[in-house]
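Asks:
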């Protein structure tokens, strides 16, 4: 079958047309992939940059994890999904036995495996995954929307952890796909004002199109800005850090009001110096790390918003490529693309 | 001056043109009233029905508490408001000394006094109130919007206590002003679906105009309905009871999903039988009583949404009367009016 | 094998020595029972009183659910427990597929089955249960302690839902086993004062032995009492209702301070009239229903306290009987016994 | 009068016997000091080390803020305290007007003044403070206990912010007074196990005397230790960082289990590098900064525990000095003293 693999610790991926079809374990389903999308993690793996070290990978590995498709076969112990079901993939494969798994936090499993990193992924004609990570698509949902539930879920989970309340003022640092989805979902959650920061003009334009205040952080005093954005409260109520840039924290934290919240969803490639005394203790700040999506609160809430037509995930798609053109797809991302799809050849 | 008073334990109010002007205490401001609105509690006091007993009143008393106006004089100990300030009134007058007051819950003060019930109110040319309950109107806010911050705050506080999260399905029982404002604010807070229940066709129409699903509860199986409205979760995530009708609880509670939430904001005139075993324990239900508005989280959040033009409170006004026509104003409410204003004569 | 069964809708149970051994399903383990204890629900089923209707049972059914023992065989799909494991039973058998199960609230499963009610129980030589409800006993824990994890977990879960904080003043209504365990665990959780209410002098004595203030509610003004117990806050911070008596609510709710919490863990046999306006709305009360134990936060926390020797569950055992003497065991409970064990014959 | 002042930016303090008595503002009370205690911040100010920069001070300033005494005079606007009242001092002097103050978080006031830093303090015969920061001592509480409510409140507030629950395993880094008080209060709050870390053998001994597991962090693998301390959950449920040492974070964070909590109460003198990706995001960590005490939840809860004799603050006092011997007092702290009192001369 067709597949994109990481085969060595260098820049690039390997396209293959004769990868063996995956073997099916008893608790797994075999899914014919219809649509995949490229995640920032895939970009790090492709570029083999500093960020790639956050998610160690073994060679060879079929990469890719934002995906949807149709179940074609199921293992002997599978009971919840059936051949013909249309599904999307949760990337976090939990052990189901550790304390996190047994208390409602499977996304932070102690023995976590990542689809497309520790387990062969979705940039392929076919993929297998445990039935426990398959989400059945509602009847009226398109495969393209289905493939974007995973990244939209990253933004949704970050906001769920933030405790956002109607009327809050929200800052979002980084206007890649996760940041833009966070902006949109923050508006849906009742934010009175959203300040979106990026240095890329195309991304700032995309943020502006969502109806938020888009700002190049190079311009002026940001703490003053936050105070002006929310003079009644002395700063933004919450900040979602979605850039993964380590140097953002220094100027972004002072934008948050006393007793406010920072959710970190971007993954910096190196330790970040934080002034615990002035920025955390004296502000009464709460910082919450976010990773993946809650199984299954995030998925259910997002599907409900989509069913109600309160958000349109396809609007975030700017490019579509066939799998053999993967180099062009990754190139588009370097040049300001938002969400880029890769479809298996037919 | 002009005023509307409750002077005896019978139906109706007394209009007077020669009520003495109020005396100003050291911690109070004297406010010239521009706009007032009629609350459901005012209706109970006017009608002198079962609900009037919830808020005992002494005679004679100037009633009315949803109001805005301009500060004309301040007492000797006043430091935060000044002559000329445009203000709205918080109805709950706290003692500032009890445990509730000293831990951020002044709206539930142990020694609570209610403006327009325990202290002369706002249906008058002039009213006094402690500076601690005056909210300064943002520059661009109209007096009419200012007068509606109080009832909108009741709805906002109910939702703040509910812990509403984006994607939730919400039921609201009762489509009077508080119920309708709750519907609107639930949508703003990211509800994926809102089910609004009432038996009055004009109120159902008003709910429908807000974009929610309006339902006469006499029609069909409501628990089934709730399940259909949210099949993925087995019922609504939260229910806001805004009718104050004691018999609503029996059919409404089973609409809530397991581990869901009921917020009670309507004030029933008699005890309500609740099946603790089947409807509370076995559902893992959380019930939260709501009264008034949080000082000042509710006001600040609401003002931010108004500033951002995410909600238009004037749209809830259906009738305007001059104070001498108060009988017509109360009559309009009996015939389906939503928000009715009463303006002092000029 | 030996077993105690409910065979008809009348008072009493049937003791049998030739009940067939249970059949083992693929996901189940077969457990040889070492120790069982009698729950209040068992008493209702034995007495066939008003409370029995809360948990409908079919005939014939082996009853009993507080139990520990040793795994003797496992079904083909079992992977977590092994022959020889010492285990206790979680009574709530979840479907693992509904929204509650998939979001960390399996104890409130939509399709809940109860061990000893909907599935044959533990008053027998052998019992089967899905491996998903078996809790492996830590090495040093006795079987008697193991059998009491279930009822102690009811008290623990009630307190976990209450949000108890160190320094709180706590009232507990009802000093049966659940009430007494709640008193003890409230002290462990840092309660500054615990007021325990019952009308039975033996139970009040047992409460007094735990170091709490034991009170017969017939004596004097209870709201005044609560205020005196916590003058700085105007009432108790939280109340755990563990009696299941419907008439307790009327006098107990006014003991709670403004913005306080009521957790209901007793199961009244009929609807309870609650004054929503005065006792819930105006107090800003939060009411939380509690049923069963959180899987597995409750179990883990309780096991940790036992491991640290902060609580001694065996101290709550007042009587031990062999299974054929079950009538005497139930009789002891009618006469003030606290925790009564029933051991299978050897 | 007698006073200890900081008069220049160098090591040491100045003792004076002819400092003018303070002037009394309208909203202030004049308190004759009975007992004071030395805080870690006072040590930084005395030593004039790196940590002194966290709390900038102007010269000359009477320092000291942990104190109790008796009201001798009150300003014209004072209404809550009276001459003869026995009181302790809250160090955080709020403006009462900002958003934090008006929403229950006065301890994080935007315009915060610190008693003993921005306002003359308590190392003196007499001190003034706004009545809004005076806590009336319960009748049976000693002045020595009263003076220690402030530092005990720092530990209590840290635990209140942590959301500690009975059965939790807790790590505390730093066994100075705040760390030791945190250990003791964590036990009171139901911790199943407390791991206390320090490098000073006297402080480790003091921790051991409280009944916790005292560990020199130089010895062995701390993450392994935490895992062993809480194998069922894979690490400690919460960590309270009370050392203020920047290098603690690197080895301490990995001790926390997934979805666990870090509360920072120590104030590092320089930015701390934190691995957001591995230690925060992937663990689902929550970090909460803590500063001061909640007004007045912390004080009320602590007073209730003292009233119930669940904690004995005087047990933390190891040394007592008269004010002229202040150099010896600060010297004792350098040599392992826990809580050191300074009493004004009589």
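Protein chains in written order, with my numbering: chain A, 1 to 346; chain B, 1001 to 1346; chain C, 2001 to 2346; chain D, 3001 to 3346. Cβ coordinates follow ideal geometry from the N, Cα and C atoms, glycine included. Note that this is a predicted model, so its numbers are computed, not measured.
Nearest chain D C-beta to residue 42 of chain A closer than 9 Å, yes or no?
Replies: Along the first chain, read from residue 1 onward, the residue named residue 42 of chain A stands at position 42. With 9 Å as the cut-off, residue 42 of chain A does not count as an interface residue toward chain D.
Asks: Contact between the region 1203-1210 of chain B and the region 1254-1267 of chain B: three or more CB pairs below 8 Å?
Replies: Contact fails: fewer than three Cβ-Cβ distances are below 8 Å.
Asks: Please determine if the region 1301-1311 of chain B and the region 1275-1285 of chain B are in contact, where contact requires at least 3 C-beta pairs separated by less than 8 Å.
Replies: Because the criterion of three Cβ pairs below 8 Å is not met, the region 1301-1311 of chain B and the region 1275-1285 of chain B do not touch.
Asks: When burial is assigned at 16 or more other CB atoms within 10 Å of the CB, is residue 3312 of chain D buried or exposed?
Replies: Translated into positions along the fourth chain, residue 3312 of chain D becomes position 312. So residue 3312 of chain D ends up on the exposed side.
Asks: From residue 165 of chain A to residue 1189 of chain B, what does the alpha carbon distance come to, in whole angstroms?
Replies: If you number the first chain from 1, residue 165 of chain A lands on position 165. If you number the second chain from 1, residue 1189 of chain B lands on position 189. Going by the C-alpha atoms only, they are around 7 Å apart.
Asks: How do the region 1321-1328 of chain B and the region 2018-2038 of chain C stand: do at least 3 beta-carbon pairs fall below 8 Å, yes or no?
Replies: The region 1321-1328 of chain B, when compared against the region 2018-2038 of chain C, does not touch it at the 8 Å Cβ threshold.
Asks: Between residue 2006 of chain C and residue 2063 of chain C, which are expected to be in contact by the criterion C-beta below 8 Å, what is the C-beta distance as a whole number of angstroms?
Replies: The count along the third chain starts at 1 and reaches residue 2006 of chain C at position 6. The count along the third chain starts at 1 and reaches residue 2063 of chain C at position 63. Sure, about 5 Å apart at Cβ, within 8 Å.
Asks: What are the residues of the region 1203-1224 of chain B that lie near chain A, defined by any Cβ-Cβ distance shorter than 8 Å?
Replies: Taking 8 Å as the Cβ-Cβ cut-off against chain A, none of the residues of the region 1203-1224 of chain B qualify.
Asks: Going by beta-carbon coordinates alone, are residue 172 of chain A and residue 242 of chain A separated by less than 9 Å?
Replies: Here residue 172 of chain A refers to the residue found at position 172 when the first chain is read from its first residue. Here residue 242 of chain A refers to the residue found at position 242 when the first chain is read from its first residue. Yes, these two residues count as a Cβ contact at 9 Å.
Asks: Give the residues from the region 1291-1303 of chain B that approach chain C closer than 8 Å (Cβ to any Cβ), ordered along the chain.
Replies: Going along the region 1291-1303 of chain B in chain order, one finds 1291 with a Cβ nearer than 8 Å to chain C.
Asks: Along the chain, where does the beta strand (DSSP E) containing residue 2068 of chain C start, and where does it finish?
Replies: Taking the third chain and counting its residues from 1, the one referred to as residue 2068 of chain C is at position 68. Counting along the chain, the beta strand (DSSP E) containing residue 2068 of chain C begins and ends at 2066-2074.
Asks: Quick one: what does DSSP say residue 279 of chain A is sitting in, helix, strand or coil?
Replies: Working through the first chain from its first residue, we reach residue 279 of chain A at position 279. Helix.
Asks: Using a cut-off of 8 Å between C-beta atoms, extract the partners of residue 2964 of chain D located in chain C.
Replies: Missing from the structure shown is residue 2964 of chain D; chain D here goes from 3001 to 3346 and no further.
Asks: Identify which residue in C/2131, C/2019, C/2198 has its Cα closest to the Cα of residue 2060 of chain C.
Replies: As a working mapping, residue 2060 of chain C is identified with position 60 in the third chain. The shortest C-alpha separation from residue 2060 of chain C is found at C/2019.
Asks: Over what stretch of residues does the beta strand (DSSP E) that includes residue 2033 of chain C continue unbroken?
Replies: Working through the third chain from its first residue, we reach residue 2033 of chain C at position 33. Where residue 2033 of chain C is concerned, the enclosing beta strand (DSSP E) stretches over 2028-2037.
Asks: When the cut-off is 9 Å and only beta carbons count, does residue 1091 of chain B lie next to chain D?
Replies: Taking the first residue of the second chain as position 1, residue 1091 of chain B is located at position 91. Cβ-Cβ to chain D under 9 Å: no for residue 1091 of chain B.
Asks: Could you give the residue range of the beta strand (DSSP E) that holds residue 2319 of chain C?
Replies: In the third chain, counting from the first residue as 1, residue 2319 of chain C sits at position 319. From DSSP, the beta strand (DSSP E) with residue 2319 of chain C extends over 2317-2322.
Asks: Assuming residue 247 of chain A is part of the beta strand (DSSP E), what are its boundary residues?
Replies: As a working note, residue 247 of chain A is residue 247 in the first chain. Segment: none, residue 247 of chain A is in no beta strand (DSSP E) and carries neither H nor E.
Asks: Less than 9 Å between the C-beta atoms of residue 3234 of chain D and residue 98 of chain A, yes or no?
Replies: Indexing the fourth chain from 1 puts residue 3234 of chain D at position 234. Indexing the first chain from 1 puts residue 98 of chain A at position 98. In this structure, residue 98 of chain A lies closer than 9 Å to residue 3234 of chain D by Cβ.
Asks: Looking at the strands, I want to know which residues DSSP matches up with residue 1289 of chain B.
Replies: Position 289 of the second chain holds residue 1289 of chain B. For residue 1289 of chain B, which the question treats as bridged, DSSP gives the partners B/1264.
Asks: Near residue 1125 of chain B, what residues of its chain come up, given a Cβ to Cβ distance below 6 Å and the 5 sequence neighbours on each side ignored?
Replies: Within the second chain, numbered from 1, the residue matching residue 1125 of chain B stands at position 125. Cβ neighbours of residue 1125 of chain B beyond the five flanking positions: 1001, 1002, 1344.
Asks: If we define contact as Cβ-Cβ less than 9 Å, is residue 1255 of chain B a contact residue for chain A?
Replies: Position 255 of the second chain, counted from the start, is the residue given in the question as residue 1255 of chain B. Not closer than 9 Å to any Cβ of chain A, the Cβ of residue 1255 of chain B fails to qualify, so no.
Asks: For residue 319 of chain A, which residues in the same chain have their Cβ closer than 6 Å to its Cβ, ignoring the five residues on either side in sequence?
Replies: Within the first chain, numbered from 1, the residue matching residue 319 of chain A stands at position 319. Closer than 6 Å at Cβ, skipping near neighbours: 332, 337, 340.
Asks: Smallest Cα separation from residue 216 of chain A: which of A/9, A/317, A/56, A/199?
Replies: Start at 1 with the first residue of the first chain, and residue 216 of chain A comes out as number 216. Selected option, being the one with the closest Cα: A/199.
Asks: Inspect the beta-carbon positions of residue 321 of chain A and residue 252 of chain A and report whether they are closer than 9 Å.
Replies: Here residue 321 of chain A corresponds to residue number 321 of the first chain, with the count starting at 1. Here residue 252 of chain A corresponds to residue number 252 of the first chain, with the count starting at 1. Result no, Cβ atoms of residue 321 of chain A and residue 252 of chain A do not sit closer than 9 Å.
Asks: Let me check you understand the geometry: is the CB of residue 2055 of chain C closer than 8 Å to at least one non-hydrogen atom of the ligand PLP?
Replies: The model on display carries no ligand, and the ligand PLP is accordingly not part of it.
Asks: On a Cα-Cα basis, can you pick out the residue from B/1054, B/1282, B/1291 that is closest to residue 2112 of chain C?
Replies: Position 112 of the third chain, counted from the first residue, corresponds to residue 2112 of chain C. Of the candidates B/1054, B/1282, B/1291, the one whose C-alpha sits nearest the C-alpha of residue 2112 of chain C is B/1282.
Asks: Taking the alpha carbon of residue 1342 of chain B as the reference point, which residue from B/1029, B/1042, B/1028, B/1027 has its own alpha carbon closest?
Replies: Residue 1342 of chain B sits at position 342 when you count from the first residue of the second chain. The shortest Cα separation from residue 1342 of chain B among B/1029, B/1042, B/1028, B/1027 belongs to B/1042.
Asks: Can you tell which of B/1132, B/1107, B/1093 has the C-alpha that lies nearest to the C-alpha of residue 1120 of chain B?
Replies: Here residue 1120 of chain B is taken as the residue at index 120 of the second chain, counted from 1. Checking every option, the nearest Cα to that of residue 1120 of chain B belongs to B/1093.
Asks: Counting contacts by CB-CB distance shorter than 9 Å, is residue 156 of chain A in contact with chain B?
Replies: Within the first chain, residue 156 of chain A is the residue found at index 156, counting from 1. At least one chain B Cβ lies under 9 Å of residue 156 of chain A.
Asks: When the distance is taken between beta carbons, is residue 2137 of chain C closer than 9 Å to residue 2146 of chain C?
Replies: Residue mapping note: residue 2146 of chain C aligns to position 146 of the third chain, counting from 1. Residue mapping note: residue 2137 of chain C aligns to position 137 of the third chain, counting from 1. Result yes, Cβ atoms of residue 2146 of chain C and residue 2137 of chain C sit closer than 9 Å.
Asks: Helix, strand or coil: how does DSSP classify residue 1213 of chain B here?
Replies: The sequence position of residue 1213 of chain B within the second chain is 213, counting from 1. It is a strand residue.
Asks: On the criterion of 16 or more Cβ atoms from any shown chain inside 10 Å, does residue 151 of chain A qualify as buried, or is it exposed?
Replies: Stepping through the first chain from its first residue, residue 151 of chain A is reached at position 151. Classification of residue 151 of chain A: buried, given that the 10 Å Cβ count is 16 or more.
Asks: Would you mind sorting residue 284 of chain A into buried or exposed? The rule is 16 or more other CB atoms within 10 Å of its CB.
Replies: Taking the first chain and counting its residues from 1, one reaches residue 284 of chain A at position 284. Under this definition residue 284 of chain A is a buried residue.
Asks: Output the boundary residues of the beta strand (DSSP E) element that contains residue 2016 of chain C.
Replies: The residue labelled residue 2016 of chain C in the question sits at position 16 within the third chain. Looking at the DSSP string, the run of the beta strand (DSSP E) that includes residue 2016 of chain C is 2014-2016.
Asks: Output the distance between the C-alpha atoms of residue 3044 of chain D and residue 3071 of chain D, rounded to the nearest integer angstrom.
Replies: Looking up residue 3044 of chain D in the fourth chain gives position 44. Looking up residue 3071 of chain D in the fourth chain gives position 71. The straight-line gap from Cα to Cα measures roughly 29 Å.
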